[in-house]
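Q:
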Amino acid sequence: MPELPEVETTRRGLAPHVEGRRVAGVTLRRPNLRWPIPPEITELLPGQRIDAVRRRAKYLLLDTAAGSALLHLGMSGSLRVLPGDTPLRAHDHVDIALDEGRGPPGRVLRFNDPRRFGCLLWQPPGETHELLADLGPEPLSEAFDGDYLFAMSRGRSAPVKTFLMDQRVVVGVGNIYAAEALFAAGISPLRAAGKVSRERYARLAEEIRKILRYAIERGGTTLRDFISPDGEPGYFELELSAYGRGGEPCPRCGRPLKQASIGQRTTVWCGHCQK
Ligand code: ZN
0 MPELPEVETT RRGLAPHVEG RRVAGVTLRR PNLRWPIPPE ITELLPGQRI
50 DAVRRRAKYL LLDTAAGSAL LHLGMSGSLR VLPGDTPLRA HDHVDIALDE
100 GRGPPGRVLR FNDPRRFGCL LWQPPGETHE LLADLGPEPL SEAFDGDYLF
150 AMSRGRSAPV KTFLMDQRVV VGVGNIYAAE ALFAAGISPL RAAGKVSRER
200 YARLAEEIRK ILRYAIERGG TTLRDFISPD GEPGYFELEL SAYGRGGEPC
250 PRCGRPLKQA SIGQRTTVWC GHCQK
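In numbering that gives the first Met the number 0, the protein residues as written are 0 to 274.
1. Relative to the ligand ZN, what is the chain-ordered list of residues with a Cβ closer than 6 Å to any of its non-hydrogen atoms?
2. If the criterion is Cβ atoms closer than 9 Å, does the pair LYS160 and GLY262 meet it?
3. List the residues that DSSP assigns as beta-bridge partners of ALA51.
4. CB-CB under 7 Å to GLU179, same chain, minus the five flanking residues each way: which ones, in chain order?
5. Decide if MET164 is buried, meaning its Cβ has at least 16 other Cβ atoms within 10 Å, or exposed.
6. Might you give, ordered along the chain, the residues of its own chain that have their beta carbon closer than 6 Å to the beta carbon of CYS269, omitting 5 neighbours on each side?
7. Taking the alpha carbon of LEU126 as the point to measure from, which residue in ARG155, ALA64, ARG109, GLU42 has its own alpha carbon closest?
8. How many Å lie between GLN273 and ALA204 at the Cα?
9. Using the three-state DSSP reduction, which class does THR8 fall into: helix, strand or coil?
10. So if DSSP puts LYS257 in a beta bridge, which residue, or which two residues, is it bridged to?
11. By the DSSP assignment, the alpha helix (DSSP H) with ILE40 in it spans what residues?
12. Given a threshold of 16 other Cβ atoms within 10 Å of its Cβ, counted over all protein chains shown, does ARG223 qualify as buried or as exposed?
13. Can you list, in chain order, the stretches of the alpha helix (DSSP H) that have 4 or more residues and sit fully within the segment 134-197?
14. With distances taken from CA atoms, which of TYR58, ALA96, GLN122, SER156 is nearest ARG20?
15. Is LYS57 closer than 9 Å to GLU137 when the C-beta atoms are compared?
16. Indicate the three-state DSSP secondary structure (helix, strand or coil) for ALA68 in the structure shown.
17. Determine which residues share a DSSP beta bridge with ILE215 and list them.
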């Protein structure tokens, strides 16, 4: 599943090809993905210039003066910029044709999503779509640090891992990144969020930022996969210390890593190194 680093890498890959281009047309090959696609997109978007490709949490926004197209890659979605005459493949659901002023065939921004958990929605200018309304800060923004986590967590008895994965607390810290950051910070995922000290939250916030930055950097090396006509979108793999390694030796102390379900998500941690 695309996580925040993949979505950010997609944004960085698309931006130079899409920003400043005018939309020549929109083709919807089905009326819905996870939710119905607002049909007015086919009327509102053509003729508009795409001023910016933005990311908020795991959503991408194509900003125009008429409003923003709001996209989510869901479980299996990908976006690529392709020559306009590229033959369709299965699950190519949406084309946004780009007018490049160079004559046909131009290029298209093509949305492919086999499992259809992604979405294409519309955000009118000056409004915030309800899906974006209650989101916490971006983990790579200045608003996110240890003091913020400390303040937000007071009085909370939920496990710190569940707290971190709450999108109202901070966006984009998925299961992998929560497990890895807690391992790096030496904090047990089971500890009550309200019982973690300010100092330990400072370390945790730093580890979250570090691993997300690292993953985004790694993604940069696979950027071409997002725009090549034949490549599969590259969801990059990281060397992981804890995630997916239950029962294996802890990379730090060698004792077997524990595994349990926390908040219905599989969690791996070291009972010795994480307190
Ligand atoms: Zn250990």
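Glycine is no exception: its CB is placed at the ideal position from the N, C-alpha and C atoms.
A: Let's see:
1. CYS249, ARG251, CYS252, ARG254, CYS269, HIS271, CYS272
2. As a position in the sequence shown, residue 160 is number 161, starting the count at 1. As a position in the sequence shown, residue 262 is number 263, starting the count at 1. In this structure, GLY262 lies closer than 9 Å to LYS160 by Cβ.
3. Within the sequence shown, numbered from 1, the residue matching residue 51 stands at position 52. Answer by DSSP bridge pairing, in chain order: ASP62.
4. The sequence position of residue 179 within the sequence shown is 180, counting from 1. So the qualifying residues of the chain are ILE210, LEU239, SER240, ALA241, TYR242.
5. By 1-based counting over the sequence shown, the position of residue 164 is 165. Buried.
6. Residue 269 sits at position 270 when you count from the first residue of the sequence shown. Taken in chain order, the residues that qualify are CYS249, LEU256.
7. Counted from its first residue, the sequence shown places residue 126 at position 127. Note that residue 126 is Glu in the sequence shown, not Leu. The candidate whose alpha carbon is nearest that of GLU126 is ALA64.
8. Numbered from its first residue, the sequence shown carries residue 273 at position 274. Numbered from its first residue, the sequence shown carries residue 204 at position 205. Straight-line Cα distance between these residues: approximately 16 Å.
9. One-based indexing of the sequence shown puts residue 8 at position 9. Three-state DSSP puts THR8 in a helix.
10. Taking the first residue of the sequence shown as position 1, residue 257 is located at position 258. LYS257 is bridged to TRP268.
11. Here residue 40 corresponds to residue number 41 of the sequence shown, with the count starting at 1. Run containing ILE40: 40-43, per the alpha helix (DSSP H) assignment.
12. Numbered from its first residue, the sequence shown carries residue 223 at position 224. Note that ARG223 scores 47 on pLDDT, short of 50, meaning its location in the model is unreliable; the coordinates nonetheless yield the value given after this. Exposed, since its Cβ has fewer than 16 Cβ neighbours within 10 Å.
13. 145-152, 159-163, 174-184
14. Residue mapping note: residue 20 aligns to position 21 of the sequence shown, counting from 1. When each option's Cα is compared against that of ARG20, the closest is ALA96.
15. For the purposes of this step, residue 137 is taken as the residue at position 138 of the sequence shown. For the purposes of this step, residue 57 is taken as the residue at position 58 of the sequence shown. Their beta carbons are not under 9 Å apart, which means GLU137 does not touch LYS57 by this criterion.
16. Here residue 68 refers to the residue found at position 69 when the sequence shown is read from its first residue. Here ALA68 sits in strand by DSSP.
17. Against the sequence shown, residue 215 aligns to sequence position 216. Beta-bridge pairing links ILE215 to no other residue.
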